[in-house]
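In the UniProt record's numbering, the protein residues as written are 1 to 1909.
First the structure, in the form of structure tokens, and then the observations on it.
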């Protein structure tokens, strides 16, 4: 497809400026400064650490870190600049046309067509095109930007196409320059638009504005005479200094020269201004000194050679002995941390006193949090480095890290968040990993990759996790910014060791960056949080007092009247929130005492801590607090701005619960930010849903919409280019590349050797390499080489390649659903708005594209059954076949070889002469060398597209944040998980929530909580319970010894900050609550509601602990445990409780380990346990249920209890049950833990612990059953006891089950005993099962049928009159045949006996007797007699009498044609006059490829270079062009495998015959020169026959005079067409070219087809009668002509159809002149013709045309005869007999032959006088005489409305009106248009159209026939 993008040189360097419009500088919606964009080019190398960094840098660094990046990391390449040509090229590309071209390309060809592939590898030349005019950014527009927010300014400038043009001028007015500096400074002050600022600064860095305009402006200050202007200079100098500071911070290397010059000029100008009396602010001078210090420092580094690229990192040096500032510490581990086992500086979290300062507080938590994820990685890598010599490294386990071997970075992929990389690792050491539940490689986990023992390493996070991919060793990673620079040098063949740390790094990263960004003075509540002052103030927004309305909080607002005193209070329900006496009562608010206290405390203190032990209603109180705040939002909101309440929860589930509660009182203005919500109610409030609402899109500011459109377009373009290259890279790993794609990387000598084949291999003769990829044979993947002695992959490699995962044995679908732990963890990690990264392409489209690309690139694909071959169908029978085992072995070998790392060096490769002499191992090493070169080249090509896409994706992410900011600012409640709050911290700083409520606050690390708060926060409410689950730390040492696991909630409680504890638990029955009080909570009281719970049915105790000593089992993968004994017991107990008629939703099974979770699942089929919840304890905090079954798992001889010794976890586990709890565990071992010891003591005191659980039968209360193991439950099989039920059922039987408490009334029980009820008087009993309904008695008894007297066996319950007698009917029908029905049925109406009748066609046929009479009266019968006609082609007709319309329309001949086509194939179509184009696969091929089109289609010429070369000559033409070198006649110097000289020629494939070893075969005379001693031979590649070269040369080049057929030369021996032979390539190409010309003529040119198509459209349009009578057929032809890509054959079919339908329409129209009684028979015949015409066909055969014309002639004669008969008043005597004889001929059913036509013609001529057809009142002869006398051509005769005839002379077109002399009607017309009431008088001259008409010259009719009409 033509590429319409402009030429590089077509773009003017400086496009003319547009005049300013109403909105000066309004910018188009696309920005294209991509190449020039500093953010678009990556930087390489690791961060450098400067040792002598001056102090002034720190503040600047911190401001850039606030934007989320290292302040000195730019986006420039090593040179720091891009060429002007590249910039101009990107700037000049026309957006609209390129977008159209892209869409066109996608719709008309697949992305990986060979054309696209070629274009991608060779950049196309772009034809010139008018460049897009860029609108200038004018003065007014820039002035308007100063009134905007910094964010809008930054995005607008970054999106503008005019910014680069604006800054490209070398001179401008000072006022304009000053305005530009102001706007640029404002843009750079934005805090959340990092990428946009980088883009703008990048344009500034490479502009004349910086190099020329600013220096000239600064110098001009010295000579400025105007005092007013001089007084303005200090402000402008401040702007310039700020810009220079930003510029040098981002681009320290590339901006050095320009900034140095400006900085050197500024002091002179400042001094001059100061001397002239201008005041210079001290701040300006300080900022100048800072920049001067930076410049000086950088100049020194440049002299040292360490400042080369913009990635140089400026880090402040610390004084000796001083601790490094946490703000300067990198987030990721450094080289020194990984390699040096040094203990980092850490302070413990102070939990018993205050902090020294806020700075120390932030520093402490930053270091602890960073160490929590760095230490496992550091210590793990150190242990790994020490273990490298260990032979069993792959089997060794490390505590802190997980290791993956042979990891390879395969290919980049586009995602919505940027570039991710597909990485593949070795899965053999991980066979036991259950990826569905494994915590390995979870989303957000950090991995470190190294290929050199961690001398260098890459950091990445997991961006997508699909367990199907993980089973194959594939994961998607997103590399960090520093590592992205190093990826440019990574090849797919590089093997890495990949190390994973278990921490959720993304959460760490966001929080750590937040702690670095926050300033000390911005931390809220420092007096309480840092200084630990116990006095808590009132919220600032209540300083002026606050009056609250509590009416909505009360379920019964009328109760307010009782609570409030006075009539005034009733009218105004708002009360003073600080006066608790005015508050409604706790009863009115539905609160207990402690809940009431908590509500009052939360609403009146700026820092409120509410502790809620289990079941005390923490969430309930929290919702009351939110409801109160929302009801009274006027108190804490500002009228001009909305500040939402921020609700933060630790888990998604808790967030859903809390927001659903808020939804009860607030239906709108809620926004949820977190993982995927399971709540249908809340899905409408997610960011994704709100963002996609149409009304929101409409309300977005215009600058965001423009930026969005621009960036989306750029992303799509970069994505398409990147995907093409990425697919190529991935494809190279899935098979063996075709040699033509590697030719560029193979030396000429190696190429010639490879393509020549193994000259010394005697077995080579068994393979025909011309039909296969040569490289497959060379690599030992062909049959010949496969069976040779080349050693295959060794046994170890075979085993290595096998590595297949074992399939799980259980039926997954039959077990209950349990949320996988990996999914649960990932659900809390992934923010729904940033869904798990997936490829942006559709799977179906991707698979199709990949398949097409692999087919083109690979000679052998590992996903195919057989290796690729270029042989066509003709050779299919000759191709070699391989056994299934060999195929697998071959694929296994290829997989192993492609995974190997060792390659041949280039030096070793250069020393090789013949590549076929290498052993198989060396061949693969050489192949891997070529492959690596190919991969490296491909990688280089797509690198720039990676950088471009990454830049645009980052810009898009910033735009998304802007959109989200608009949504959050309009909300009243924003709910976030802690992960979401960390990721959205920058937005939260902008949203500025005044009130923050943290639910589950005791589970959140203190650093997470602090990072969530902004300086705008005036009210913080923490709700939680520090005595339940604590925050989870990664490092135990930090958790315990440095107090990292102490949350802010717990720490504030410990330092005596006031808090309220909820004291009444509303969940647990007292027996269960006794486990918590006093062991965990000192004075937790029971609410009265928990005293009313019913007893648990079927068990003697509502609480019981079953103790045992059965050992646990450790799970090899995952550090988890399981206990089979406990699992079986709990499952049986669960089933027992279900038998007590408890609902599944009332029971939850809890366990302390994930391993036990899936052990339980395997025992719980969904049929029995559907609805039962199974969870680990940690994931069930905040939940409750009626009955809890708890499995504690741990039981071992070592006494290890794991985290069962942690009081917080014990608290959660024991506090989930409401009515009943049953626990099983090794209590003897647990008793060693003090807390468990006290709990067990309490249990023993109350007889609630023991080795056996006592079950009580509900039906027999005195019966008890003890159960201590799962098998004991067999004693109570139905949930009761072992006694039989003995219940007497309604049917009288006894219940067969054992005692069962469910279905006590037995309404659902189905009795399976035989039913004994008597059904009839004869005593027959019911045969059904008892529970089934009894049916009428079906026992058969003999009865006499009254109607006929026959004796029949009749069902007992049926009367004789209802029964149908089964005897055969004995009655005789009228036709004489016997009735075929049964006696009890009505006799048949139509006899079905088969009789022979004679049909109208003359044939005899068997039909049903009942149809004989109908046949006599015209009932159509399909005659099946075979048609005996011989068709025109000579073959017998394949049809029957009926299908051939009784001989009138014969079926098409189905005999195969077998004529030889121009392509040398035999025609496979059925017999036809003209053979259609060949539909077989084209056999034309060359050494590069094979044509895959249909043989009859035009071939695409090969554009690869011709490979015909030898030591003496080389062709320089393209493969499809005639060669420009002569054939070489120098004898070949190679030796055959037998050691004798080759008998071939130089450069030609060596013939496989030897003159010495096979003299008879070689010297056999064919042409006559074969026996000469110096004869040389050529072997034909198509058939392998050999010929003497001179004779074959003459044969191939001669052109015989009598040879008129265009065809390929064929082998003189076997007649196989010669298609592929380099020596005779010119001759073959010439003949192929002639064949292509013939194909083109057959197909027709596009122009000719288009012209014919239009002519046929006009012809069809003119057939008005056809349209009127046959609209459906007319529409079909019209639609056919409207189609595109019609062929000549299609047009021929349409033209013939139009002609025939038109004739039929004319005949149908003539029936009006036929007597009414005769019309129907003619119409029936016409319908038969129409039916036949409507059959689907590609064309009319000659037989069909002949049949159709004959039938139309017959019908024309018939209509003509009937018309004559109507014209004559009476037809009598001999005339009647003559007419009858003619009708007999015309109405017979057989074909209308030529003899019939002659006879009819003769008889019709005789009737002309007696039966005239004109109806003109004159004879036919008189009519002819009149027409002849007038001498006018046809079409001049017309008739008035009353049928009077007149003539129009001259052209025949009506030019004037007149009146008929007979009847005075209007005749004639005007402007060649006839009056509508007048008509053509075709009866005068037989014309079918007027002489003046559009169809006059296009009409074809049967003139002779119509002349008679």
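Beta carbons: idealized from backbone N, C-alpha and C, even for Gly.
Between the beta-carbon of residue i and the beta-carbon of residue j, is there less than 8 Å?
i            : j            : result
residue 1847 : residue 1866 : no
residue 1526 : residue 756  : no
residue 1049 : residue 349  : no
residue 1754 : residue 1786 : yes
residue 722  : residue 412  : yes
residue 1208 : residue 1027 : yes
residue 942  : residue 750  : no
residue 779  : residue 916  : no
residue 539  : residue 597  : no
residue 1609 : residue 1631 : yes
Excluding sequence positions up to five away, which residues of its chain have a Cβ less than 7 Å from the Cβ of residue i?
i            : result
residue 1686 : 1649 and 1653
residue 236  : 178 and 181
residue 708  : 959
residue 733  : 410, 492 and 898
Just the Cα atoms here: how many angstroms apart are residue i and residue j?
i            : j            : result
residue 1563 : residue 1580 : 17 Å
residue 590  : residue 555  : 8 Å
residue 1625 : residue 1607 : 15 Å
residue 1370 : residue 1363 : 18 Å
residue 1856 : residue 1886 : 24 Å
residue 334  : residue 425  : 25 Å
residue 1204 : residue 1212 : 11 Å
Keeping to the same chain, check which residues put their C-beta closer than 6 Å to that of residue i; ignore five residues upstream and five downstream.
i            : result
residue 1917 : What the structure shows of the chain is the stretch from 1 to 1909, and residue 1917 is not part of that stretch, so it cannot be assessed.
residue 39   : For residue 39, the pLDDT reaches just 37, beneath the cut-off of 50, and the residue's location in the model is therefore unreliable, although a value from the coordinates is still provided. Counting only Cβ-Cβ distances below 6 Å, and skipping sequence neighbours, we find 75, 195, 198, 199 and 951.
residue 526  : 358
residue 497  : 450
Kindly give me the distance between the Cβ atoms of residue i and residue j, rounded to whole angstroms, as I take these residues to be in contact under 8 Å.
i            : j            : result
residue 1287 : residue 1311 : Incorrect: roughly 11 Å between the Cβ atoms, too far for contact.
residue 475  : residue 469  : 7 Å
residue 272  : residue 309  : Going by Cβ atoms, the distance from residue 272 to residue 309 rounds to 37 Å, so no, they are not a contact pair.
residue 1693 : residue 1759 : Actually they do not touch by this definition, with Cβ atoms about 26 Å apart.
residue 1229 : residue 1199 : 6 Å
Give every residue of the same chain whose Cβ lies closer than 8 Å to the Cβ of residue i, excluding the five residues on either side of it in the sequence, and list them in chain order.
i           : result
residue 353 : 532 and 1055
Item to check | 4 or more residues per run - each alpha helix (DSSP H) lying fully within the region 687-732 | outcome: Listed in chain order, the complete alpha helix (DSSP H) runs (minimum 4 residues) inside the region 687-732 are 687-692, 694-699 and 702-731.
Next on the checklist: My parser needs the alpha helix (DSSP H) runs of 4 or more residues fully inside the region 200-283; what are they?
Outcome noted: Fully enclosed alpha helix (DSSP H) runs of 4 or longer: 214-220, 227-250 and 256-275.
Next on the checklist: Which complete alpha helix (DSSP H) runs does the region 1705-1741 hold, if anything under 4 residues is left out?
Outcome noted: The region 1705-1741 contains, as complete alpha helix (DSSP H) runs of 4+ residues, the segments 1716-1733 (chain order).
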